[in-house]
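Novice: Numbers in this note's numbering are just positions in the sequence shown, counted from 1, shifted up by 43.
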Amino acid sequence: MTGGPSGLEVGEDFGGFEGRAWLNCAHQGPLPLVAVAEAERALADKAAPHRLGDQAFTEVPGRLKAALGRLVGVPADQVVLGNSTTYGLHLLVHGVDWRHGDEVLLVEGDFPATIVPWLPLADRGVRVRLLRPEDGALDAGRLEAELTPATRLFCTSWVFSFTGQAVDLPALGRVCRRAGVTFVVNGSQGVGAAPLDLAALPVDALVSCGFKWLCGPYGTGFCWLAPDLLASLTHRPAYWLGHLAQDDLGGHSEIRLRDDLGAAAWDVFGTANFLNFRPWTASVEYLLRLGTERVAARDQALVERFLQGLDPDRYRLVSPRQGPGRSTLVVFGHHRPGRTEALHERLAAAGVDVALRRGRLRVSPHLYNTDADVDRALEVLDGADRGRP
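1) Please confirm if the segment 263–281 is in contact with the segment 95–103, defined as three or more CB-CB distances below 8 Å between the two stretches.
2) Counting C-beta neighbours from all protein chains within 10 Å, is the total for Ile-158 16 or more, i.e. buried, or is it exposed?
3) Does the CB of Phe-320 have a neighbour CB from chain C at under 8 Å?
4) Do the segment 338–356 and the segment 415–426 touch if we need at least three Cβ pairs shorter than 8 Å?
5) Please classify Gln-208: does DSSP put it in a helix, a strand, or coil?
6) Taking the straight line between their C-alpha atoms, what separation do you get for Pro-11 and Leu-318?
7) Report back the beta-carbon spacing between Asp-247 and Thr-225 to the nearest angstrom; my notes put them in contact at under 8 Å.
8) Name the two residues that bound the continuous alpha helix (DSSP H) containing Ser-275.
9) Just the C-alpha distance for Gly-131 and Leu-164, rounded to the nearest angstrom, thanks.
10) Nearest by alpha-carbon distance to Val-117: which of Ala-306, Asn-412 and Pro-367 is it?
11) May I ask you to report which of helix, strand or coil DSSP gives Ala-222?
12) Determine the DSSP secondary structure at Ser-326, reduced to helix, strand or coil.
13) As a quick exercise: from Cys-219, Glu-297, Arg-419 and Ser-231, pick the residue whose alpha carbon is nearest that of Gly-394.
14) Cα separation between Val-202 and His-387?
15) For the structure I just gave you, are there three or more beta carbon pairs, one from the segment 144–163 and one from the segment 313–331, closer than 8 Å?
16) So the beta strand (DSSP E) Val-123 belongs to, where does it begin and stop?
17) Given a cut-off of 8 Å, decide if Ala-274 and Trp-256 are closer than it, judged by their beta-carbon atoms.
18) Tell me the rounded alpha-carbon separation between Ala-385 and Thr-371.
19) Please name the residue, chosen from Trp-309, Ala-269 and Pro-270, that lies closest to His-286 on a Cα-to-Cα basis.
20) Express the C-alpha separation of Ala-156 and Pro-192 in angstroms, rounding to a whole number.
21) Considering only residues of the same chain and omitting the five flanking positions on each side of His-133, which have a CB-CB separation below 8 Å?
In structure tokens, the structure reads:
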């Protein structure tokens, strides 16, 4: 493939996609071949379980946490392993010491995964209020104006799935810090596509899935909660393998709860999870070897190529064309909205996979895509109206 400004050439690191152009990473990221090979080894080990040593039950989650910690700029022992974006949100929903009359602020139009987990709090007397953004983004000034003495927590996506808009994390975080409001970020549409250093951001919690821009298997996710927030949680799950070790089963060890687990006390049960976490680790380590800055540069080069070729006379761009609000998600629709769904079908028939979301098309390329993939999509879009009145 053409390397582009980032110098990345990774065409041979992924499968052939059966001849299709997969421009839908915001839905599912493909496994790189190193992860496919690791998944095959994990299957072989499960088929012959004598190969699964006791040490694997600590090595598998430990290696994954180390990789994820490097990716987002936090110590490995502060990473909490989950199975989805929702997992981390539920730790907060069930663990924060909510008071009757507390308020949670969300953003109207955000992805359901960022909204739905908070709704049951209404049964506990917590008000969940959705803020309507102006011009597609909720800025810091609007957030500050909406805060009340009851506001306890604000949760937003880093990148919005339906508009492609990236929010200003530092500015929103500063507003929350000044007001003593917990700031929670759903990073699922940004982590892996853009550099992130949590240590330098006024963010209290990050939740993310692992199967989009991190190119892991479905059913993977992680979160990070600032140490003081984690320590304040009132609910701590207890999983036997977190509090005991495999070696303890050979003797008569006393069963007791440990108090030195740190963030690991909140890990999803079954953290060895060989079939998912081993290939996901391989994917994250692969991205780290490439370098997040280089991956982001390549992704943005693909986005720019698509935007340069998109005909403004026929297509209305919803996502930002440029600036800090631009992400790797390009959202647009035909100027005649009734044609958008037919365009989605036409692209699929031509071997180009994009998403149809709320009556708009969403193109989301990642480092595995080639310039030819982008050009293939543009060719279909360019020829869609030819011969029509």
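Where a beta carbon is used, it is the ideal one built from N, C-alpha and C, also for glycine.
Specialist: With the structure as the only source:
1) no
2) buried
3) Any reference to chain C falls outside this structure, which holds one protein chain only.
4) They touch, by the three-pair rule.
5) strand
6) Outside the shown range of the chain, which is 44 to 432, sits residue 11, and nothing can be said about it.
7) 5 Å
8) 270–275
9) 16 Å
10) The candidate whose alpha carbon is nearest that of Val-117 is Ala-306.
11) helix
12) It is helical.
13) Arg-419
14) Whole-angstrom Cα-Cα distance: 22 Å.
15) no
16) 122–125
17) 8 Å or more divides the Cβ of Trp-256 from the Cβ of Ala-274.
18) Whole-angstrom Cα-Cα distance: 24 Å.
19) Looking at the Cα atoms, Trp-309 is the closest of the given residues.
20) 26 Å
21) Pro-160
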